[in-house]
Amino acid sequence: MDCAELQENGVKKSGVYTIYPRSRLATCQSIEVYCDMETDGGGWTVIQRRGQYGNGVDYFNKKWKDYKEGFGSLKKEFWLGNEKIYSITNQGQYALRLEMEHENGKSAFTLYEDFWIEDEGAKYKLRVSDASGPGGDSIGNHDGWAFYTSDQSNKSGNDQSTRSGGWWRNGKGTSSLNGLNLYKTGRKDDGINWHAFGGPENSFKATEIKVRPKKFH
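Letter by letter, the sequence shown follows residues 1 to 217 in full-length UniProt numbering.
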């Protein structure tokens, strides 16, 4: 189950709901999620949100355990949790939508027709492909990369993971939507960035990442 199935069963309002993913693990454990029932037909399960909610610039610079289990408030700023994302995206074929709001007020999105992550044993390795949308592709080249946090060693020698939030890394990447929240700070290094929209020296005002079944409606 996910937000798309809730919508099919009559839920039309965006908000926090309980779902029961039918993952490969079949754990039968419930998950609290935020469902977006409005964007592009709705049915989206939101897995990340960034914005100006009063948290510190390094609020997303968490440890492996935090990113595994999830943190934050589902109605504000949060990361759902890699274990939950794994459970949801291994129910079937999923699409990924990333939305970004630039500090200049401009917004864009990118849609990937295929998205899932591997389990913890594989360091939640990213599987993503087939990008479209005005935001451009800044994570397709991260396909096959493992997830890293500040307390994880990166064999590539790239120390970026020690300076900002957890993300799929392997040397020089082209995105980090869990980076430092540097909006209106004057700093740009290690910010919330997506190179195809805004460039590397940028920190977005807000972002949202969400998934839904590839075959929706």
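Even glycine gets a Cβ: it sits at the ideal position worked out from N, Cα and C.
query: P213 bridges to which residues according to DSSP?
result: The residue labelled residue 213 in the question sits at position 213 within the sequence shown. In the DSSP output, where bridge partners are listed per residue, P213 has Y94.
message: Could you compute how far the alpha carbon of G15 sits from the alpha carbon of G41?
response: To locate residue 15, count along the sequence shown from 1; it is residue 15. To locate residue 41, count along the sequence shown from 1; it is residue 41. If you take the alpha carbons of G15 and G41, they lie about 15 Å apart.
message: Please classify K13 as buried or exposed, where buried requires at least 16 other C-beta atoms within 10 Å of its C-beta.
response: As a working note, residue 13 is residue 13 in the sequence shown. With fewer than 16 other Cβ atoms within 10 Å, it is exposed.
- request: Quick one: residues in its chain with C-beta nearer than 6 Å to the C-beta of L80, no 5 flanking neighbours on either side, listed in chain order?
  value: On the sequence shown, position 80 is the one that residue 80 refers to. Excluding sequence neighbours, L80 sits near I47 and G70.
query: Comparing alpha-carbon positions, which option in E32, G144 and N61 lies nearest L177?
result: By one-based count along the sequence shown, residue 177 stands at place 177. Closest by alpha carbon: N61.
message: I believe R212 touches T45 by the beta-carbon criterion, under 8 Å. Please report the beta-carbon distance rounded to the nearest angstrom.
response: The sequence position of residue 212 within the sequence shown is 212, counting from 1. The sequence position of residue 45 within the sequence shown is 45, counting from 1. Confirmed, about 7 Å.
task: Determine the closest residue to W167 out of Y124, N202 and S30, with distance taken between C-alpha atoms.
output: Residue 167 sits at position 167 when you count from the first residue of the sequence shown. Of the candidates Y124, N202 and S30, the one whose C-alpha sits nearest the C-alpha of W167 is Y124.
- request: Indicate the three-state DSSP secondary structure (helix, strand or coil) for L111 in the structure shown.
  value: In the sequence shown, counting from the first residue as 1, residue 111 sits at position 111. Three-state DSSP puts L111 in a strand.
field: Local Cβ density within 10 Å of R50, reported as buried at 16 or more and exposed below that
entry: As a first step, residue 50 is located in the sequence shown; it is residue number 50 there, counting from the start. So R50 counts as buried.
- request: Within 10 angstroms of the Cβ of S203, are there 16 or more other Cβ atoms? Answer buried if so, exposed if not.
  value: Locating residue 203 in the sequence shown gives position 203, where the first residue counts as 1. Buried: at least 16 other Cβ atoms inside 10 Å.
task: Report the option in A196, F115 and L182 whose CA atom is closest to the CA atom of T89.
output: Counting from one through the sequence shown, the residue named residue 89 turns up at place 89. Taking only the C-alpha atoms, the option nearest T89 is F115.
Where A122 falls, given that 16 or more other Cβ within 10 Å makes a residue buried: Start at 1 with the first residue of the sequence shown, and residue 122 comes out as number 122. By the neighbour-count rule (16 or more Cβ atoms within 10 Å), A122 is not buried but exposed.
query: Skipping 5 residues on each side, what residues in its chain have a beta carbon closer than 8 Å to that of E103?
result: In the sequence shown, residue 103 corresponds to position 103, counting from 1. Same-chain partners within the cutoff: Y183, K184, N202, S203, F204 and K205.
query: Span of the alpha helix (DSSP H) holding D119?
result: Translated into the one-based positions of the sequence shown, residue 119 becomes position 119. For D119, there is no enclosing alpha helix (DSSP H), since its DSSP letter is neither H nor E.
task: Give me whichever residues DSSP pairs with G199 in a beta bridge.
output: Here residue 199 is taken as the residue at index 199 of the sequence shown, counted from 1. Answer is W194, bridged to G199.
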